[in-house]
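A short write-up of the structure that comes next.
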Amino acid sequence: MSDEPLPRVRITSPRTMAARSRTRRSDAAEIDALTRLGEIYVQSLMRAQLRLAGYVVLLLAVSLGLLPVLFRVLPVDHVHLLGVPLPWLVLGVAVYPWLLVLAWWYVRRAEHNEADFVDLVERRESAP
Amino acid sequence: MNELSALVAVAIVTTATLAVGAFGLRVSRTTSDFFVASRRVGPFLNASAISGEYLSAASFLGVAGLVLLRGVDMLWYPIGWTAGYLLLLVFVAAPLRRSGAYTLPDFAEFRVESQTARQVASWLVCLIGALYLVPQFQGAGLTLRAVTGAPTWVGAALVAVVVLVNVVAGGMRSITLVQAFQYWVKLCALLVPALILWRVWHHDGSPTRNLHAADWVEPLQGPHATYLTYSLILATFLGTMGLPHVVVRFYTNHDGTSARRTTLGVLAMLSIFYLLPTAYGALGRIYTRDLVASGRTDSVVLELPGRVLGGTGGTVLTALLGAGAFAAFLSTSSGLVVSISGVLSQDVLSRRFGSVTGFRIGGVLAAGGALLLAAGSQGLPVAHAVELAFAVAASTFCPLLLLGIWWRGLTARGAIVGMVCGGILSGTAVLAVMVGAHSTGWPGALLTQPAMLTVPVAFATMIGVSLADRARVPIHVGRAMVRLHLPETVDVDRGAYEPIT
Numbered sequence: 016m017s018d019e020p021l022p023r024v025r026i027t028s029p030r031t032m033a034a035r036s037r038t039r040r041s042d043a044a045e046i047d048a049l050t051r052l053g054e055i056y057v058q059s060l061m062r063a064q065l066r067l068a069g070y071v072v073l074l075l076a077v078s079l080g081l082l083p084v085l086f087r088v089l090p091v092d093h094v095h096l097l098g099v100p101l102p103w104l105v106l107g108v109a110v111y112p113w114l115l116v117l118a119w120w121y122v123r124r125a126e127h128n129e130a131d132f133v134d135l136v137e138r139r140e141s142a143p
Numbered sequence: 276m277n278e279l280s281a282l283v284a285v286a287i288v289t290t291a292t293l294a295v296g297a298f299g300l301r302v303s304r305t306t307s308d309f310f311v312a313s314r315r316v317g318p319f320l321n322a323s324a325i326s327g328e329y330l331s332a333a334s335f336l337g338v339a340g341l342v343l344l345r346g347v348d349m350l351w352y353p354i355g356w357t358a359g360y361l362l363l364l365v366f367v368a369a370p371l372r373r374s375g376a377y378t379l380p381d382f383a384e385f386r387v388e389s390q391t392a393r394q395v396a397s398w399l400v401c402l403i404g405a406l407y408l409v410p411q412f413q414g415a416g417l418t419l420r421a422v423t424g425a426p427t428w429v430g431a432a433l434v435a436v437v438v439l440v441n442v443v444a445g446g447m448r449s450i451t452l453v454q455a456f457q458y459w460v461k462l463c464a465l466l467v468p469a470l471i472l473w474r475v476w477h478h479d480g481s482p483t484r485n486l487h488a489a490d491w492v493e494p495l496q497g498p499h500a501t502y503l504t505y506s507l508i509l510a511t512f513l514g515t516m517g518l519p520h521v522v523v524r525f526y527t528n529h530d531g532t533s534a535r536r537t538t539l540g541v542l543a544m545l546s547i548f549y550l551l552p553t554a555y556g557a558l559g560r561i562y563t564r565d566l567v568a569s570g571r572t573d574s575v576v577l578e579l580p581g582r583v584l585g586g587t588g589g590t591v592l593t594a595l596l597g598a599g600a601f602a603a604f605l606s607t608s609s610g611l612v613v614s615i616s617g618v619l620s621q622d623v624l625s626r627r628f629g630s631v632t633g634f635r636i637g638g639v640l641a642a643g644g645a646l647l648l649a650a651g652s653q654g655l656p657v658a659h660a661v662e663l664a665f666a667v668a669a670s671t672f673c674p675l676l677l678l679g680i681w682w683r684g685l686t687a688r689g690a691i692v693g694m695v696c697g698g699i700l701s702g703t704a705v706l707a708v709m710v711g712a713h714s715t716g717w718p719g720a721l722l723t724q725p726a727m728l729t730v731p732v733a734f735a736t737m738i739g740v741s742l743a744d745r746a747r748v749p750i751h752v753g754r755a756m757v758r759l760h761l762p763e764t765v766d767v768d769r770g771a772y773e774p775i776t
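As they're listed, the protein sequences go chains A and B.
So the first sequence is numbered by the numbering used here: it starts at 16 and just counts up by one.
So the second sequence is numbered by the numbering used here: it starts at 276 and just counts up by one.
So, in structure tokens, the structure goes:
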């Protein structure tokens with residue numbers, strides 16, 4: 016046992032980017048490993064976006080998609096609104112703002128999903 | 276007098292198109308400028324350009340004519356042509372831009388790593404492009420004849436020449452400006468007369484004669500109406516994303532996020548525009564009912580001002596509408612020629628010519644070929660071809676894009692067999708309608724609106740063959756998914772794929 020203090024050793028978790036950074040990008044294998052990790056992230060992002068797209072399609076299907084059936088079974092032909100037959104008002108005018116609302120909501124949510132993803136990845140990269 | 280003012284209006288639109296194109300030419304320098312406007316086009320300009328390109332003769336003249344003829348069920352056309360962009364937005368817009376591919380064949384090659392898939396896609400682009408381009412040329416001829424009395428070939432040739440000058444000289448950048456300009460021309464040309472006509476109608480005491488016929492005002496009255504409506508919905512909702520001249524526009528966006536915002540802008544612009552043809556159709560029902568009997572419903576938009584107003588006012592408005600219709604032919608034709616020549620230059624001509632020269636030669640071939648086809652198919656019901664182009668796109672490129680972007684299991688064989696299957700089935704329907712096969716009953720309904728059958732078959736074959744071919748999933752599929760779905764701000768390896776060299 017010597018009195019001389021041991022050289023200082025930095026201990027970092029092997030799971031953080033800081034620990035990896037010394038060997039990172041030094042060889043192809045490490046990049047491949049990063050890609051595998053990335054693939055799990057990619058899958059989570061894809062699922063989130065696909066689920067969101069699914070919601071939009073579902074909303075579209077139960078609103079616009081059911082209109083022909085509704086026109087067939089419900090006696091809407093003689094219902095007038097503002098002097099215009101209801102089917103004309105729905106198909107000629109009301110459909111368009113609805114499409115816009117769906118699109119606007121999708122864009123907001125999709126950008127939100129991506130921002131979450133970027134946060135996740137960058138938090139990892141800047142972790143001490 | 277009438278002819279002269281219409282001629283002047285068409286001349287103004289044509290000259291302005293060339294002038295805006297020439298302005299674009301001054302800033303179009305490199306190959307990248309030429310093809311994709313160097314990807315520096317903002318969402319508002321891009322959305323105007325996509326809308327301007329998309330709103331063809333079928334939207335400007337055709338929808339009002341269909342509404343006049345067949346009533347409320349025809350409102351599904353503009354709805355489908357708009358809602359197609361919603362599906363494009365949620366499934367395709369951002370990933371397609373991020374793929375970096377310029378044409379649909381580029382995307383096929385990038386995703387399934389097969390030259391054969393690329394070639395199949397190239398042929399399909401030419402087929403869909405031709406189906407769309409020939410009716411534009413014919414419609415231009417008919418419109419010019421209707422407003423000025425010129426022979427039909429004059430309008431077709433005029434459109435072909437103006438498009439070629441712009442495409443050959445300026446490429447995509449000048450086309451982007453021209454297209455954006457033409458959306459606003461079309462909107463004003465339809466909006467201003469509509470407001471004036473509405474005032475006159477109101478002043479007349481808001482007559483509603485002819486509007487109460489049950490088979491016109493009530494939905495789903497004809498034979499097979501429910502099937503036809505749903506098949507139309509399927510074709511237009513899914514076909515929009517597979518139209519080559521629409522898809523090519525997405526590469527001019529800066530990144531995936533701006534591609535989405537552009538699409539949102541397109542939806543807004545189309546929504547405003549498509550309120551108008553319905554009004555023309557209904558007013559046409561009141562004032563120009565006789566067009567139904569004489570089979571000239573397509574000219575209702577051009578005829579209304581003369582019938583309702585008459586005199587100088589009617590003449591001026593007719594000229595304005597004629598100019599708008601001409602803008603519609605010019606912009607859609609430009610977009611189609613750009614996308615076809617893009618494919619021709621990359622896949623056919625690139626071995627012999629430089630890329631810019633190849634692009635120019637491709638443009639000449641596309642416009643010249645379509646002009647010949649238009650001349651050779653006089654009298655055939657080619658206007659219906661625009662609708663069928665949507666069915667072909669929905670049965671071929673739609674499954675390729677949806678499965679390619681969202682499913683890792685898609686293989687080259689699956690993509691090829693699926694596209695060929697969907698292409699042959701929907702192409703057969705096109706051919707049958709083109710040669711004038713008039714079937715009645717269910718076969719007739721299937722041929723007029725084949726999408727309900729052909730789209731599921733295309734999806735099923737693409738998925739089925741890919742599953743059977745599971746061992747040959749493209750080796751870079753993981754990297755491809757990273758590239759398609761990750762925001763550009765994340766610094767990752769996106770693979771080496773580079774479509775434009």
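Glycine included, every Cβ here is placed at the ideal spot set by N, Cα and C.
Boundaries (first-last residue) of the alpha helix (DSSP H) holding residue i
i	result
Arg-345/B	338-345
Ile-699/B	687-709
Tyr-352/B	351-366
Leu-502/B	Reading the sequence as shown, one finds Tyr at residue 502/B and not Leu. Tyr-502/B -> alpha helix (DSSP H) spans 500-514.
Trp-398/B	390-423
Pro-318/B	318-329
His-520/B	519-522
Tyr-772/B	Looking at the DSSP string, Tyr-772/B is not in any alpha helix (DSSP H), and its letter there is neither H nor E.
Trp-682/B	Taken as a continuous stretch (DSSP letters only), Trp-682/B belongs to no alpha helix (DSSP H), as it is neither H nor E.
Asp-490/B	489-492
Ala-557/B	550-562
Pro-580/B	575-583
Leu-21/A	Run containing Leu-21/A: none; DSSP gives neither H nor E here.
Among the options, nearest to residue i - alpha-carbon criterion
i	options	result
Leu-320/B	Pro-370/B, Val-347/B, Trp-459/B	Trp-459/B
Val-409/B	Ala-432/B, Arg-420/B, Pro-426/B	Ala-432/B
Trp-120/A	Phe-385/B, Val-365/B, Glu-384/B	Val-365/B
Ala-383/B	His-499/B, Val-347/B, Met-694/B, Pro-498/B	Met-694/B
Arg-536/B	Gly-80/A, Arg-123/A, Phe-132/A	Arg-123/A
Ser-670/B	Val-631/B, Leu-742/B, Gln-724/B, Phe-385/B	Gln-724/B
Gln-621/B	Ala-339/B, Thr-538/B, Ala-368/B, Gln-394/B	Gln-394/B
Leu-135/A	Pro-20/A, Pro-22/A, Arg-23/A, Ile-55/A	Ile-55/A
Thr-532/B	Leu-558/B, Ile-750/B, Gln-390/B, Gly-317/B	Gly-317/B
Val-110/A	Val-367/B, Leu-350/B, Leu-362/B, Arg-373/B	Leu-350/B
Val-88/A	Thr-423/B, Ala-392/B, Thr-501/B	Thr-501/B
Val-429/B	Leu-417/B, Ala-534/B, Gly-689/B, Leu-439/B	Leu-417/B
Arg-372/B	Leu-761/B, His-477/B, Ala-771/B	Leu-761/B
Tyr-562/B	Tyr-549/B, Val-583/B, Asp-573/B	Val-583/B
Gln-496/B	Asn-128/A, Val-84/A, Gly-107/A	Val-84/A
Tyr-555/B	Leu-293/B, Val-467/B, Thr-729/B	Val-467/B
Gly-359/B	Phe-385/B, Leu-509/B, Thr-504/B, Thr-451/B	Leu-509/B
Arg-386/B	Phe-672/B, Ala-281/B, Val-521/B	Phe-672/B
Ala-469/B	Ala-771/B, Gly-599/B, Val-443/B, Val-295/B	Gly-599/B
Val-752/B	Gly-80/A, Leu-82/A, Gln-58/A	Gln-58/A
Thr-504/B	Trp-113/A, Leu-106/A, Val-94/A	Leu-106/A
Val-108/A	Leu-79/A, Asp-131/A, His-93/A	Leu-79/A
Gly-651/B	Gln-413/B, Ser-280/B, Val-708/B	Gln-413/B
Integer-rounded CB distance, given that residue j should sit under 8 Å from residue i
i	j	result
Gly-617/B	Thr-378/B	5 Å
Val-575/B	Leu-343/B	5 Å
Leu-115/A	Ser-546/B	6 Å
Leu-507/B	Gly-355/B	6 Å
Phe-604/B	Ala-415/B	4 Å
Val-541/B	Ala-322/B	5 Å
Val-612/B	Ala-641/B	5 Å
Gly-346/B	Val-492/B	6 Å
Val-667/B	Val-705/B	7 Å
Val-443/B	Val-639/B	7 Å
Original post:
Which residue spans inside the stretch 599-673 of chain B form an unbroken alpha helix (DSSP H) run of at least 4?
Top reply: 630-651
Subject >> Completely contained beta strand (DSSP E) runs for the stretch 86-121 of chain A, where each covers 3 or more residues >> reply: none
**OP:** Output the residue ranges of the beta strand (DSSP E) runs that lie fully inside the stretch 714-759 of chain B and measure 3 residues or longer, sorted by chain position.
**Re:** none
Subject >> Residue ranges of each beta strand (DSSP E) within the stretch 443-487 of chain B, 3 or longer >> reply: none
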